[in-house]
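The opening position of the sequence shown corresponds to residue 16 in our numbering, with each subsequent residue numbered one higher.
The C-beta atom is built at its ideal place from N, Cα and C for all residues, glycine as well.
A short write-up of the structure that comes next.
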Amino acid sequence: MRLPPAPGADPAAPASPGQPESTSTLQSAVDRILASQAFERTHRLSVLLRYLTDHTLSGDTAGLKEPIIGQRVFGRPADYIASDDNIVRSNVRQLRLKLEEYYSTEGEKDPWRITVPKGSYLLKLEPAAQAAPPVLLVRPWRLPDLIAVPAVLLAVVALVWWLRTLGPQPKDCLLSLLRPGPGQRLLVVGSDANVQLYVRLAKRRVTLQEYIDGRYQQSGHLPPGLDQAMFSSLMASRSVTETIFLNILPEFARALPTTSLSVLAADSITTRDFDHDNAVLISGPFGNPWVQMFDRDLNFQIEANEEVTSAWVHNRKPRAGEQEYFRNYTDASKTVVCYARLAYLPGPRPGSHIILTGGPHHASTQAAGQFLTREDSLESIRRQLHIHRSEPVPWFEAVVESRTLSLDPISMRIVAIRRVESPNTPQPPR
C-alpha cells in the first residue's frame, strides 16, 4: 500500500508501509479508532480492523485474501468456500459503516481517515481534507446480526439525504414530542435479529441483563442440541431485511431534522446513551430488550405464553368497554387486525424523553411506528386525554389497533389509553 506523506512532509517523497513515519501514522490512527466508544462493544470488528492493519503494514497481500481472512479472523475451516459463506464480505461492509460512524462523531477532528476501499481488503489512509463526510449520523447494525441490513440502511441514508435537499418539513405529530433540544439527538433503536432468533429457538425471552452481558449466547443458555458454534454459525449465515426501517425512517426524517437523527443497533448501545438524548425504541421487549428498562410498570404489557410462541397486549386493569387481552386476528374480509403499544415516558435524566413503539408481531410494530408520524396522531392523543392544544402532552401509554394488508396498515386508531401519572425512574437491568 502506498501511504500519503504525513502533514508537513514533502509530498513528492515516496511513502510506503516500510517507512517508520507512515507506519506510525497508520498505527496511531487505528489505535485511536480501537479505543473509541464506537468500537468498545464491537469485538469482532476490532479484531478484523487490527488484522487488516497488521497485514497492510507488512505488505502481506496473501494474508488479505478472503479465504485466509475467513480462517484466521472468523475461525472458518481451511476448506470452507468463500462464495458460499459471506462472513468476511459482510463484516467488512459493517466495518466500513462503523468507520463512517467513528469519523462522524469522536473522530471528526482526526487528521487522517482510514477506509477499506470496495473490492479490496487493503486499508487506505488519507488526510481528512480528502475524505467525504458522511451525510447522516448512523450507528449501524452489527453483523452477523442482520446481514442484509447494511444495504437497507444505505438505501435509507440515500433517501433521507434526498429529503434533506428538499429542506426541513416539520410535522406536528407524535414524533415531534421528541424534537431534540440543543446538543441532543433522537436515537432510533431497532430490534435485534439475534435475540429474535434465540427466542424462537430457545423458546424463552432474554432479560435485559442477559442481553447486556451476552449471557444468552453462551452454551449454558442455549437450547438442547444446539451448541455455541452452531448458534454462532446460524447468526452469521442468516439473512434478514428490516423493511420496517425503509417504511418508517423516511417519515421520521420528514418530521424532524435529519442532522439530529441517529439510527442505532440495539446491541451497540449502553445505558449511557439514554442519559441525555431522546430515543424511540422500536419493537417489544422480546425483540428489543432495552424496552424492558422502561415498561415494567405500564398498564399495557406485551406478553407471551411460556414458550414465547404466541404473544399479545395485556390490559392489566380494563376499564368499562375495554378488552383485557388484545390479540391479532383476521376478520371476515381477510384483513389482519393487530395491536401495538405506544408509550411516551421520561428518560433517565431530566430533559430526556422516550417513546416505546411496538407490538407482538412485525405488522403491529410497523403500524405503530408509522402512527408516530401521522399528521393526526398528536391531535388524536390530545382528544383521548382531553387536553387543549395549548397544554403540554403528559406522559401516557396507549394501545393502537391497525387493519393491515400485506403488512401495510390501511387504518389505525387508539382503542385504549392511560395517563402515566407518576412515571417511575427507568429500572436498571436485571
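Secondary structure of residue i, DSSP reduced to three states
i      : result
Ser206 : coil
Trp410 : coil
Arg418 : strand
Arg433 : strand
Pro165 : Confidence in Pro165 is poor, its pLDDT being 48 and thus under 50, which makes the residue's placement unreliable; the coordinate value appears in the next sentence. Pro165 falls in the helix class under three-state DSSP.
His329 : strand
Gln316 : strand
Asn303 : coil
Gly374 : coil
Glu141 : strand
Ser277 : strand
Ile369 : strand
Ile425 : strand
Val221 : coil
Phe341 : strand
Thr130 : strand
Ala28  : With a pLDDT of 34 at Ala28, under the threshold of 50, the modelled position of that residue is not reliable, and no figure is offered here.
Val62  : helix
Val150 : In this prediction, Val150 has a pLDDT of 37, which is less than 50 and means its spatial position is unreliable; what the coordinates show is noted afterwards. Of the three classes helix, strand and coil, the one that applies to Val150 here is coil, per DSSP.
Ala383 : helix
Asn101 : coil
Tyr354 : strand
Pro361 : strand
Val323 : coil
Ala294 : strand
Leu189 : helix
Leu201 : strand
Pro265 : helix
Arg397 : helix
Tyr136 : coil
Glu115 : helix
Same chain, Cβ closer than 6 Å to residue i, five either side skipped, listed in chain order
i      : result
Gly33  : For Gly33, the predicted structure reports a pLDDT of 39, less than 50, and the residue's modelled location is therefore unreliable. A value from the coordinates is still provided. So no residue of the chain qualifies.
Lys218 : Glu322, Val323
Arg433 : Asn314, Glu412
Tyr226 : Pro304
Ala289 : It is worth fixing the name first, because residue 289 is Phe in this sequence and not Ala. For Phe289, where only same-chain residues beyond five positions count, the Cβ hits under 6 Å are Gly362, Pro363.
Arg91  : Gly85
Ser206 : Ser298, Gly302, Asn303
Val103 : Glu81, Ile84, Gly85
Anticipated Cβ contact below 8 Å, residue i with residue j, distance rounded
i      : j      : result
Leu60  : Lys113 : 6 Å
Ala77  : Gly85  : Between Gly85 and Ala77 the Cβ distance is about 14 Å, and since that is not below 8 Å, they are no contact.
Val204 : Asn293 : Incorrect: roughly 11 Å between the Cβ atoms, too far for contact.
Leu271 : Leu201 : 6 Å
His329 : Tyr344 : Not quite, the Cβ-Cβ distance comes to about 16 Å (not below 8 Å), so this is no contact.
Leu67  : Ile48  : At roughly 12 Å, the Cβ-Cβ gap does not stay under 8 Å, so Leu67 and Ile48 are not in contact.
Leu138 : Thr71  : 4 Å
Ala53  : Tyr117 : 4 Å
Leu400 : Pro409 : 7 Å
Arg397 : Arg404 : 6 Å
For residue i, the nearest candidate out of the options (CA to CA)
i      : options                        : result
Ile429 : Ser395, Arg404, Val408, Ser405 : Ser395
Asp100 : Gln109, Phe89, Ile48           : Phe89
Tyr95  : Glu81, Ser105, Arg200          : Glu81
Val268 : Pro365, Ser298, Gln385         : What sits at residue 268 in the sequence shown is Ala, not Val. Here the closest residue by C-alpha is Gln385.
Ser105 : Tyr136, Tyr226, Glu339, Arg356 : Tyr136
Asp391 : Gln52, Thr57, Leu138, Leu190   : Leu190
Pro195 : Ser348, Ser367, Ser283         : Ser367
Ala208 : Gly299, Val107, Cys188         : Gly299
Gly374 : Ser325, Ser348, Arg331, Leu212 : Ser325
Val414 : Val408, Glu436, Ile425, Ser379 : Ser379
Arg334 : Arg398, Ala431, Arg389, Tyr354 : Ala431
Asp125 : Tyr354, Ser51, Val306, Cys188  : Ser51
Ala383 : Ser277, Val295, Phe301, Arg404 : Val295
Leu393 : Glu121, Val107, Leu192         : Leu192
Leu216 : Phe301, Arg398, Thr388         : Phe301
Leu357 : Met427, Gln42, Asp228          : Met427
Thr286 : Asp228, Ala355, Ile102         : Asp228
Thr350 : Arg389, Asp423, Val435         : Asp423
Val278 : Val103, Asp187, Glu115         : Glu115
Pro197 : Thr40, Ser39, Cys188, Ser275   : Ser275
Tyr354 : Ser348, His377, Pro365         : His377
Cutoff 7 Å; reference residue i; Cβ partners in own chain excluding five residues on either side
i      : result
Phe309 : Leu360, Ile369, Leu371, Pro441
Ala110 : The amino acid occupying residue 110 in the given sequence is Leu; Ala does not appear at that position. Around Leu110: Leu60, Leu63, Leu64, Val131.
Trp327 : Glu318, Tyr340, Phe341, Arg342, Pro375
Val352 : Asn343, Tyr344, Asp346, Glu416, Arg418
Ile425 : Arg418, Thr419
Same chain, Cβ closer than 8 Å to residue i, neighbours up to 5 away in sequence not counted
i      : result
Gly336 : none
Glu141 : Pro19, Trp127, Arg128, Thr130
Val210 : Val221, Tyr226, Tyr231, Ala281, Phe301, Gly302, Asn303, Pro304
Arg331 : Asn314, Phe315, Gln316
Beta carbon proximity, residue i to chain B, threshold 9 Å
i      : result
Phe309 : In the structure shown, chain B cannot be found, because there is only a single protein chain.
If we require 4 or more residues per run, which alpha helix (DSSP H) segments fall completely within the segment 70 to 100?
81 to 89
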